[in-house]
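**Student:** The opening position of the sequence shown corresponds to residue -9 in my numbering, with each subsequent residue numbered one higher. Cβ coordinates follow ideal geometry from the N, Cα and C atoms, glycine included. Here it is: the structure, laid out below.
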Amino acid sequence: MEAVSTGSAPVIYRHRVPVRIMHWVNVACLFVLLMSGLQIFNAHPSLYWSEDSRDATRVLQITQKQVNGQWQGVTRIGGVEFNTHGVLGTSRSGDATEYAARAFPAWSTIPGPQWLSMARVWHFFFAWVFVVNGAAYILWTVFSGHLRRDLIPTRTEFKGILRSVRDHLLFRHAHGEEAKRYNVLQNLAYLTIVFGVLPLIVLGGWAMSPMMDSFAPGWVELLGGRQAARTLHFIAAVLLVAFVLVHVFEVIVTGLFNNLRSMVTGYWKVPK
C-alpha cells in the first residue's frame, strides 16, 4: 500500500484489482444466496439438531397459531415462544389487506412469491459462483502474501486487543499511519469469516445434497446428520449477516465515499 499523491491527506493504493473484483462478486452472491435461501427455508420453516426431523429435536420454528379466532405469526426457539405477527410467520405483501402464512415476508425472498423450485435454481447457481470465487480469493490471499502481510495480526497488535475493543466501543477510529493497516479486530473478524464461517456454510450446504453424500458416504454424520447440517448452515448464515451489518456500519461511520472509492478504484485517502 504505497502513497501515490500528496495534499491535505495522503492517498494510498489500498485494494488491488483481484481483491476488488472478488469483493463485488461476493456482494452479489451473498445478496442472492441470502434471499433465495430464505425462500427455500419457507418451504419447511423449522430447524432440528439431529439426523432427523422430530418435534423432540426441533430447535427453531416459524409458524402460526390461532389467537382469539385469528391466525398470528409466532417464532419458537427451543421452548420459548415469541409473537412475530406481521413479520415472521405471517406477513402482508404489496397491497394485500390480509396476512399470508409464510415464515419470511415476500420482500426478503427471491423470488417474492412462494416458488421453491425457482429459489433453488437461483441458490444453487450463485452458490457455485460463490465457491469458485471464494477458492480464488483464498489462493490469491495466500500466494500474493496478502494473508501474511495484511490479515494476520502481529504479536504487538494482539497485545493491544483490549484497547482496540475500547476504541471501537467509543467510536474512535485510527488515523495517519495507524489507519493504513487493518486493526486487530478487523483481522480477527476477516479470518474468522473467511476460514471459519464461510467454509461452514459451504459444508452445511453440501451436506444437504444427496449427491454430495453419496459421493463420499459418511462425512455428513460428522456434522450431526443432514438436519443438524441444515441448522449449522442457517447459524453460519446468521453470523455472516451479522458480520455484514457491522462491516457496512463501519464503512459508513469511517467515511462512506472514501471507503467505496477504495473498493472501486483501489485508492483510499488516509484519515488525518
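Going straight from the alpha carbon of T74 to that of V49, what length do you get?
**Tutor:** For this step, residue 74 is matched to residue 84 along the sequence shown. For this step, residue 49 is matched to residue 59 along the sequence shown. Whole-angstrom Cα-Cα distance: 17 Å.
**Student:** At a cut-off of 7 Å, would you count E167 as near the ligand MN, judging by its Cβ distance to the nearest heavy atom?
**Tutor:** This structure does not include the ligand MN; it has no bound ligands of any sort.
**Student:** Please list the terminal residues of the continuous alpha helix (DSSP H) segment that includes N32.
**Tutor:** Here residue 32 corresponds to residue number 42 of the sequence shown, with the count starting at 1. Its alpha helix (DSSP H) spans residues V7 to N32.
**Student:** Sort I191, L106, S134 and K262 by Cα distance to S5 and report the nearest one.
**Tutor:** The residue labelled residue 5 in the question sits at position 15 within the sequence shown. The question names Ser, but residue 5 is His in the sequence shown. For the residues I191, L106, S134 and K262, the minimum Cα distance to H5 belongs to S134.
**Student:** For A90, tell me which candidate among W97, H136, T80 and I225 has the shortest Cα-Cα distance.
**Tutor:** Taking the sequence shown and counting its residues from 1, one reaches residue 90 at position 100. Among W97, H136, T80 and I225, the Cα nearest to that of A90 is on T80.
**Student:** Mapping the DSSP letters down to three states, classify L37 as helix, strand or coil.
**Tutor:** For this step, residue 37 is matched to residue 47 along the sequence shown. Three-state result, L37: strand.
**Student:** Classify R251 as helix, strand or coil using the three-state DSSP reduction.
**Tutor:** Numbered from its first residue, the sequence shown carries residue 251 at position 261. In the structure shown, R251 sits in a helix (DSSP, three-state: H, G or I).
**Student:** So, under 8 Å CB-CB, V64 and Q54 are touching, yes? Tell me the CB distance rounded to an integer number of Å.
**Tutor:** The residue you call residue 64 lines up with position 74 of the sequence shown. The residue you call residue 54 lines up with position 64 of the sequence shown. Contact holds; Cβ gap of about 7 Å.
**Student:** Are the stretch 244 to 261 and the stretch 184 to 203 touching, with three or more C-beta to C-beta distances below 8 Å?
**Tutor:** Cβ pair count under 8 Å is below three, so no.
**Student:** Taking C-beta to C-beta, are T144 and M25 nearer than 8 Å?
**Tutor:** On the sequence shown, position 154 is the one that residue 144 refers to. On the sequence shown, position 35 is the one that residue 25 refers to. No; because the gap between Cβ atoms is not below 8 Å, this pair is not in contact.
**Student:** Determine the closest residue to V15 out of G59, A(-1), A117 and T47, with distance taken between C-alpha atoms.
**Tutor:** On the sequence shown, position 25 is the one that residue 15 refers to. Comparing Cα positions, the closest option is A117.
**Student:** Quick check on this structure: which residue in S83, R156, Q176 and K170 has the alpha carbon closest to the alpha carbon of F233?
**Tutor:** Taking the sequence shown and counting its residues from 1, the one referred to as residue 233 is at position 243. For the residues S83, R156, Q176 and K170, the minimum Cα distance to F233 belongs to Q176.
**Student:** Count the other CB atoms, across all protein chains shown, that sit within 10 Å of the CB of T131; report buried if there are 16 or more and exposed otherwise.
**Tutor:** As a first step, residue 131 must be located in the sequence shown, where it is residue number 141. The residue in question, T131, is buried, as its Cβ has 16 or more Cβ neighbours within 10 Å.
**Student:** Do the CB positions of A218 and L190 come within less than 8 Å of each other?
**Tutor:** Position 228 of the sequence shown, counted from the start, is the residue given in the question as residue 218. Position 200 of the sequence shown, counted from the start, is the residue given in the question as residue 190. Cβ distance not < 8 Å, so A218 and L190 don't count as in contact.
**Student:** So, Y257 versus Y3, is the Cβ gap smaller than 8 Å?
**Tutor:** As a position in the sequence shown, residue 257 is number 267, starting the count at 1. As a position in the sequence shown, residue 3 is number 13, starting the count at 1. Their beta carbons are under 8 Å apart, which means Y257 touches Y3 by this criterion.
**Student:** Quick one: is K259 buried, meaning 16 or more other Cβ sit within 10 Å of its Cβ, or exposed?
**Tutor:** Counting from 1 along the sequence shown, the entry for residue 259 is found at position 269. Counting Cβ neighbours within 10 Å, K259 comes out buried, since at least 16 surround it.
**Student:** Could you pull out every residue in the same chain whose Cβ sits closer than 8 Å to the Cβ of H165, ignoring the five residues on either side in sequence?
**Tutor:** In the sequence shown, residue 165 corresponds to position 175, counting from 1. Counting only Cβ-Cβ distances below 8 Å, and skipping sequence neighbours, we find V260, P261 and K262.
**Student:** For the candidate residues H13, I30, I151 and L212, whose alpha-carbon lies nearest to that of W112?
**Tutor:** The residue you call residue 112 lines up with position 122 of the sequence shown. When each option's Cα is compared against that of W112, the closest is I30.
**Student:** Which same chain residues, not among the five before or five after H163, have their C-beta less than 8 Å away from its C-beta?
**Tutor:** Position 173 of the sequence shown, counted from the first residue, corresponds to residue 163. D157, A169, V243, T244 and P261.
**Student:** Which residue from L230, M253, I67 and P95 puts its Cα closest to that of F21?
**Tutor:** Your numbering for residue 21 matches position 31 in the sequence shown. For F21, the nearest C-alpha among the options comes from L230.
**Student:** What's the call for A93, buried or exposed, on a 16-neighbour Cβ count within 10 Å?
**Tutor:** Along the sequence shown, read from residue 1 onward, the residue named residue 93 stands at position 103. Buried, since its Cβ has 16 or more Cβ neighbours within 10 Å.
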